[in-house]
Amino acid sequence: MTQSSEIAGKANFDHIRYAQLWEDADVLCAALPQDPDKTLVSICSAGDNALAMLTLDPARVVVVDLSPAQIACLRLRIGAYRALSQPEFLELMGSRPSTRRGALLDRAIAEIDSETRLFWQDQRDDVIAYGAGGVGKFERYFRIFRTKLLPLVHSRKTIDDIFVPRPKAERQKFLDQRFNTWRWRLLLNLFFSRFMMGRMGRDKAFFDHVQGSVAQHVARRIKHAAVDCDPSQNPYLYWIMKGKHGDAVPMPWRAEHYTTIRDRLDRLDIRQGALEAFIDDGDKADGFNLSDIFEYMSPNIFAQVYGQILSAANPKARLVYWNMMAQRRVPPAFTDQMTTLTENEIRLKAKDKAFFYSDFVIEEFQG
Ligand SMILES: C[S@@+](CC[C@H](N)C(=O)[O-])C[C@H]1O[C@@H](n2cnc3c(N)ncnc32)[C@H](O)[C@@H]1O
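My numbering numbers the first residue of the sequence shown as 875 and each following residue consecutively.
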């Protein structure tokens, strides 16, 4: 059985799972080859990181995803970059409060294909309420956390205070003295139990290969996001805690990249289907954003898919991916063909604002 059929057979892909990308585009782009005119490949998810990769000035970005709903997230963004200004884009996505999201949505979908337009018209009420970046299953999970549970544990003032800029030592003090209370620890253990994550956030099938407690993992990662990194610069943490963005927004949504991305939208080559389909085409690429897809595979399938990717890689191609809890790195059969870019990994891991992931991997193909 191939990896795609392995996962597609278990999980349900008929709705939006991720309405925005919960992987840090800044570290992704810093990890990929920096020369222009490369062919890059990206897992789509909500599309934001494929858009971010356009800032690297590639010849093209091939974007793949098994899920039509995830591809629809990218197509909405393409319409929005073309039809809206950057401040309007932020309103549509939910980064900023808005009283005109319905009208912004209408403009963003006016020129896109009719199937995608209908798909988004169906989501209109939710887009108006939460922003287009808030309508996925994963974001709904955070919304329940934020609106129903977080108020039982922390006051609004404490939540706001997380995002006040302060030196690292003060951040540790804030975490120890004001944030990490017994109520908070209880909430983490309940909410991030495997049962709840499977029910409300991630499909239970995705935990088949994961070891350890999700709550312990989350507690470690919160220290990374709240102390080691600066929370005032972290759009991912801000959205989880407040359901919108503050001054910091994900890299492809920032004003300084908006026109560059808009001017290069034609370089996206979108393909609904498995990553393996790109590979079978005989195309070769120089950089792969593989999200955290390997985590969802059994070790054997992982090794098989890894080999397939190398067959579609040019010399010096980089494979970039995250792990949340399952450990995935170059399988033994391919170690002599790959160089792990450890220094880059360490440098970028320290900056990774998307704090769910325990590992960030950059491997270079020797060809
Ligand atoms: C692996 S999930 C992880 C999402 C991510 N953590 C985020 O923040 O958005 C990302 C996407 O990968 C897609 N996917 C998983 N395996 C795939 C494969 N073999 N080929 C293409 N897409 C795949 C899923 O449909 C999903 O939309």
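In this text, a Cβ means the ideal position worked out from N, Cα and C, and glycines have one as well.
For residue i, the three-state DSSP class (helix, strand or coil)
{"i": "residue 1087", "result": "coil"}
{"i": "residue 1110", "result": "helix"}
{"i": "residue 1241", "result": "coil"}
{"i": "residue 1141", "result": "helix"}
{"i": "residue 914", "result": "strand"}
{"i": "residue 1187", "result": "strand"}
{"i": "residue 980", "result": "helix"}
{"i": "residue 967", "result": "helix"}
{"i": "residue 1223", "result": "helix"}
{"i": "residue 973", "result": "coil"}
{"i": "residue 930", "result": "helix"}
{"i": "residue 1213", "result": "strand"}
{"i": "residue 1206", "result": "helix"}
{"i": "residue 1230", "result": "coil"}
Identity of the residue in the options nearest residue i by Cα
{"i": "residue 1028", "options": "1058, 996 and 1239", "result": "1058"}
{"i": "residue 1114", "options": "1207, 1228 and 1098", "result": "1228"}
{"i": "residue 1185", "options": "979, 1208 and 1198", "result": "1208"}
{"i": "residue 1241", "options": "1190, 1021 and 973", "result": "1190"}
{"i": "residue 936", "options": "1024, 1148 and 1166", "result": "1148"}
{"i": "residue 1210", "options": "1232, 1231, 1197 and 1239", "result": "1239"}
{"i": "residue 1049", "options": "997, 1018 and 1103", "result": "1103"}
{"i": "residue 1156", "options": "891, 1182 and 1064", "result": "1182"}
{"i": "residue 1063", "options": "957, 1235, 1023 and 987", "result": "1023"}
{"i": "residue 1109", "options": "1097, 994 and 1123", "result": "1123"}
Length of the line joining the Cα atoms of residue i and residue j
{"i": "residue 1177", "j": "residue 905", "result": "22 Å"}
{"i": "residue 1137", "j": "residue 1087", "result": "44 Å"}
{"i": "residue 1090", "j": "residue 1101", "result": "17 Å"}
{"i": "residue 1200", "j": "residue 1117", "result": "28 Å"}
{"i": "residue 1206", "j": "residue 1219", "result": "20 Å"}
{"i": "residue 1143", "j": "residue 921", "result": "12 Å"}
{"i": "residue 1222", "j": "residue 1180", "result": "23 Å"}
{"i": "residue 1172", "j": "residue 1009", "result": "30 Å"}
{"i": "residue 887", "j": "residue 1026", "result": "Confidence in residue 887 is poor, its pLDDT being 44 and thus under 50, which makes the residue's placement unreliable; the coordinate value appears in the next sentence. So the alpha carbons of these two residues sit roughly 33 Å apart."}
{"i": "residue 1120", "j": "residue 1112", "result": "7 Å"}
{"i": "residue 981", "j": "residue 962", "result": "10 Å"}
{"i": "residue 1056", "j": "residue 1188", "result": "52 Å"}
{"i": "residue 1237", "j": "residue 915", "result": "15 Å"}
{"i": "residue 968", "j": "residue 976", "result": "12 Å"}
Paired residues, beta bridge with residue i - DSSP
{"i": "residue 1193", "result": "1162 and 1237"}
{"i": "residue 939", "result": "1146"}
Whole-angstrom C-beta distance between residue j and residue i, which should lie under 8 Å
{"i": "residue 932", "j": "residue 1036", "result": "Between residue 1036 and residue 932 the Cβ distance is about 36 Å, and since that is not below 8 Å, they are no contact."}
{"i": "residue 890", "j": "residue 943", "result": "5 Å"}
{"i": "residue 999", "j": "residue 1146", "result": "Actually they are not in contact, since the Cβ atoms of residue 999 and residue 1146 sit about 26 Å apart, beyond 8 Å."}
{"i": "residue 1013", "j": "residue 894", "result": "7 Å"}
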